[in-house]
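S.K.: With the UniProt record's numbering, the residue at position 137 of the sequence shown is 137, and numbering never jumps.
Backbone N, C-alpha and C fix where the C-beta goes; we use that ideal spot for every residue, glycine too.
Handing you this structure, nothing more for now.
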Amino acid sequence: MANQFLIKETMQSMKDLSAVEIDELKGNNPIYAGVELLGYHEKGDTPAPIVYHYIDLQNTPEPGPENGGSVVTLSLGGTLVHNFGSEVDAKYFGAKGDSIQDDTLAIQTAISYLAKKFNGGTCYLSPSFRAGGRYIFSKILVETNIVFKGTGGILKLKDNHLVDSEVTYYLIHNSGHKNVTYDGLIIEGNSPTNTLFKVADVITCTGKNSVVKNCQITDAPDSGIMFSLAPSTRCEGNIVEGARDLCIYINGANSADKTHIANSIVSNNILSQGALGGIGIKRGSGFLSVTDNTIDNCGNGISVEDSGNEVFPEKLLITQNVIRQIGQNYIGSIAALSGIYIAQLINGIICNNMVYDCAGYGVYARNIEQVCIDGNIISGNKTSSANPSFGKSGIVLDGRDKGIRNASISNNTITDFADRSLTATGLKHTQVNYNKCIGNPDIYVDSVFGHQGIVIANEANSPSSHNEVIGNTIVNYKSNGLHLNGLSYSVVKDNIIDVSGQSQAYALRMGVNAINNIISSNMLDASDSAHQLNFTAGTSSNLLKDNLMAKETGIARYIRRNTSLQTPVGVLTPKYEGEIVLTTAGGLKYWMSAGILSSEWLLISTSNASLTTKGIVNLAAVIPNISQPDLNNTTASDVAGLSTWINTNLIPLVNAIKTSQNDELNNQRTAGQQAV
């Protein structure tokens, strides 16, 4: 048996074996055991030499058609074969990587070989034999159970391949094939020469259990990576730099079915220069986690978009992403310029993200329900340049259509925005709690009236009602700290509001539509007493209790006025409905306004009142309990003692009741009420 090989340097020279060389490979006792191939296009251009064997087709099963790699048909007849196993480099099937040859067919043939012979395997793309060479391609289909793995080779989309604006081009895709992995690929999208297409995403995953990891994509003509009809997929550790659309596009079904992208994870990607955004989550996407991504210099950061026909994402987790410089340089025509943009969402957690330097909004959320926006750090831009469109607002809750319902906006830190740190409309059963809003008075602002901490207002179809505004810290704004322009049946308490460094700023401002709220235990500090609390004329029906006015002294510190009048009725105009006033003439008395007219004061204490340090009314004297005598076995001396008991117990009780009733009648007359 021969143990030496016929040596050939290239595939073409092997195909051109002479008749003598072919005969030396034949038979039971050939001169050569096989052909050792040293390269494909030239010596040394494959990872290693490989050995082909001659087969007798009359006595050997058909190996399959010529494929330029594992099965080679000789020019003079005969077939050479090599079994690569389930791992193969595309170079062994003719991929050249010289930046000239179209390597699409060679790469596709290598993948198809693995799919047909082994029902899967790994196709490697190693560095080109030519320094700086690229593997030119136009369309590659990755089939079931295939790992398409880059080990240093660089793919480049063919020049002028995208030439029709009505055509959907699939560049690298799996077309529904399952268990496909794209690993470590380096792809140049060559967008300058590819401008006409309907869709032309670089990698398109449309099969279950797809994985895209550790890939590098630059200059994508459309989106960099796109997932659709791909449940249980992972997109992790990729770098996308430059995309006309999105760096990563997650596309759910255009229906109520939320399983098309379910149980998927998008994590640890580095994304930049996406004109329409870093990550887009669209249509019926659901059960998706987007975590630990870094997004820089894109039109949007992360966008959650509906399809306009009641199909929208649900059940999303967006957490621990770093998003910066949004809407500055790479801006698409419809980019929202927001760090996180939500058009509509039910059931979601947006937490622990860091958002910096957005041209528009840090977080914009419209029509959300059962969504938690918690623990995010959101910062505008500290520039003082006159750029009114830069860094407007931190968090915007826009309830124009369906409202903001059953949501929690809590524990966020919001700084350095030129307009409002947190603005909300159409809130229902929502918490705005424990946020830290820190204004920057040196930042450029269009108008002093635009620089506010937290603003809550109504929408025409969705008033803000039945909410909590609790425990927020609001500091250093030029216009208003907390502006309740529209809010009802809500609790506003335990907020610390300090705008004392700004001469025109109100700590707490109540609009005409802020009614029927409990406003308690807030600390209000402004530059002077007039700016601590402001009520728009007509504001009514709010219960204010135990709030601290830092610039007041004495009882007024607790939002209560005192006056030397005997009665405020007809004399003193209330500042707001529910205001409490203490009169001192003729004994201490508390009054509460039932409206905003001087005639609408009601006495709420008795003339027998004393004042504690917090202005709480207590009774000055207490009638003791009466001890009933034991009348069993009464004696003469007991009868005599009964007179004493009546004088010391019963008569004082009757007199006390009479005095109390007379005082009450007198108080009612003084208050202008008709005694019955």
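Just curious, the beta strand (DSSP E) that residue 148 is in, first and last residue?
M.R.: Where residue 148 is concerned, the enclosing beta strand (DSSP E) stretches over 146–150.
S.K.: Just to confirm my understanding: we take residue 357, look at its own chain, exclude 5 residues before and 5 after, and list those with CB closer than 6 Å. What are they?
M.R.: Here the set comprises 324, 325, 381.
S.K.: According to DSSP, which residues form a beta bridge with residue 408?
M.R.: DSSP lists 372, 431 as partners of residue 408.
S.K.: Tell me residue 419's beta-bridge partners as DSSP assigns them.
M.R.: BP columns for residue 419 are empty, so no partner.
S.K.: I need the straight-line Cα distance from residue 524 to residue 352, nearest angstrom please.
M.R.: The straight-line gap from Cα to Cα measures roughly 29 Å.
S.K.: For my contact list, residue 359 and residue 327 are in at a C-beta cut-off of 8 Å; report their separation, rounded to the angstrom.
M.R.: Right, their Cβ atoms sit about 3 Å apart.
S.K.: Just the C-alpha distance for residue 115 and residue 242, rounded to the nearest angstrom, thanks.
M.R.: Cα to Cα, the separation comes out at about 32 Å.
S.K.: Could you tell me if residue 164 is buried or exposed, where buried requires 16 or more neighbouring beta carbons within 10 angstroms of its beta carbon?
M.R.: Residue 164 is exposed by the Cβ-count criterion.
S.K.: Can you check which of these residues, 198, 65, 302, 284, is closest to residue 312 by C-alpha distance?
M.R.: Comparing Cα-Cα distances from residue 312 to each of 198, 65, 302, 284, the minimum goes to 284.
S.K.: Does the region 50–61 come into contact with the region 141–149, if we say contact requires no fewer than three beta-carbon pairs (one atom in each stretch) closer than 8 Å?
M.R.: No, the region 50–61 does not touch the region 141–149.
S.K.: For residue 260 and residue 296, I'd like the C-alpha separation in whole angstroms.
M.R.: About 28 Å.
S.K.: How many angstroms separate the CA atom of residue 120 from the CA atom of residue 154?
M.R.: Straight-line Cα distance between these residues: approximately 23 Å.
S.K.: Can you have a look at residue 149 and say buried or exposed, based on whether 16 or more other CB atoms are within 10 angstroms of its CB?
M.R.: With 16 or more Cβ atoms within 10 Å of its Cβ, residue 149 is classed as buried.
S.K.: When DSSP builds the beta bridges, which residues end up paired with residue 348?
M.R.: DSSP output for residue 348 lists 316, 371 as bridge partner(s).
S.K.: Report yes or no: do three or more beta-carbon pairs, one from the region 400–415 and one from the region 426–439, lie closer than 8 Å?
M.R.: Because the criterion of three Cβ pairs below 8 Å is met, the region 400–415 and the region 426–439 touch.
S.K.: Would you call the CB atoms of residue 581 and residue 557 closer than 8 Å?
M.R.: No, they are not a contact pair.
S.K.: Along the chain, where does the beta strand (DSSP E) containing residue 240 start, and where does it finish?
M.R.: Counting along the chain, the beta strand (DSSP E) containing residue 240 begins and ends at 239–243.
S.K.: Residues in its own chain within less than 6 Å of residue 18 by CB, not counting five upstream and five downstream?
M.R.: Excluding sequence neighbours, residue 18 sits near nothing in its chain.
S.K.: Is the beta carbon of residue 420 closer than 8 Å to that of residue 455?
M.R.: Yes, these two residues count as a Cβ contact at 8 Å.
S.K.: Look at the Cβ atom of residue 40, then the Cβ atom of residue 10, and state whether they are nearer than 8 Å.
M.R.: Yes, these two residues count as a Cβ contact at 8 Å.
S.K.: Decide yes or no for the touch test of the region 563–573 against the region 545–555: beta carbon pairs closer than 8 Å, at least 3 of them.
M.R.: The region 563–573 vs the region 545–555: no contact.
S.K.: Can residue 397 and residue 348 be called in contact, C-beta distance under 8 Å?
M.R.: Contact flag unset, no.
S.K.: Can you tell me whether residue 195 is helix, strand or coil according to DSSP?
M.R.: Of the three classes helix, strand and coil, the one that applies to residue 195 here is coil, per DSSP.
S.K.: If you measure between the beta carbons of residue 321 and residue 342, is that distance less than 8 Å?
M.R.: For residue 321 and residue 342, no; Cβs fall outside 8 Å.
S.K.: Given a threshold of 16 other Cβ atoms within 10 Å of its Cβ, counted over all protein chains shown, does residue 282 qualify as buried or as exposed?
M.R.: By the 10 Å Cβ count, residue 282 comes out buried.
S.K.: Rounded to the nearest angstrom, what separates residue 230 and residue 30 at their Cα positions?
M.R.: For residue 230 and residue 30, the distance between alpha carbons rounds to 53 Å.
S.K.: How is the beta strand (DSSP E) around residue 217 delimited, first residue to last?
M.R.: Taken as a continuous stretch (DSSP letters only), the beta strand (DSSP E) holding residue 217 covers 216–220.
S.K.: What separation, rounded to the nearest whole angstrom, lies between the Cα atoms of residue 345 and residue 310?
M.R.: If I take the Cα positions, the gap works out to 11 Å.
S.K.: For residue 526 versus residue 485, is the C-beta distance shorter than 8 Å?
M.R.: Their beta carbons are not under 8 Å apart, which means residue 526 does not touch residue 485 by this criterion.
S.K.: Take residue 570 and list the residues in its own chain whose beta-carbon comes closer than 7 Å to its own, dropping the five residues that flank it on each side.
M.R.: Excluding sequence neighbours, residue 570 sits near 598, 599.
S.K.: Can you tell me where the beta strand (DSSP E) with residue 21 in it begins and where it stops?
M.R.: Counting along the chain, residue 21 falls outside any beta strand (DSSP E), though it belongs to the alpha helix (DSSP H) covering 19–23.
S.K.: Tell me whether residue 612 is buried or exposed, calling it buried when 16 or more other Cβ atoms sit within 10 Å of its Cβ.
M.R.: Its pLDDT being 40, under 50, residue 612 is placed unreliably by the model, and the measurement read from it follows with that caveat. With fewer than 16 other Cβ atoms within 10 Å, it is exposed.
S.K.: Tell me which residues share the same chain as residue 263 and place their Cβ nearer than 7 Å to its Cβ, disregarding the 5 neighbours each side in the sequence.
M.R.: Within the same chain, residue 263 has close Cβ partners 231, 232, 287.
S.K.: Mapping DSSP to helix, strand and coil, what is residue 5?
M.R.: Note: residue 5 maps to strand in three-state DSSP.
S.K.: Nearest by alpha-carbon distance to residue 188: which of 110, 361, 213, 220 is it?
M.R.: The residue with the shortest Cα to Cα distance from residue 188 is 220.
S.K.: Excluding the 5 residues preceding and the 5 following residue 304 in the sequence, name in chain order all residues of the same chain whose CB lies nearer than 6 Å to its CB.
M.R.: Cβ neighbours of residue 304 beyond the five flanking positions: 281, 313, 342, 345.
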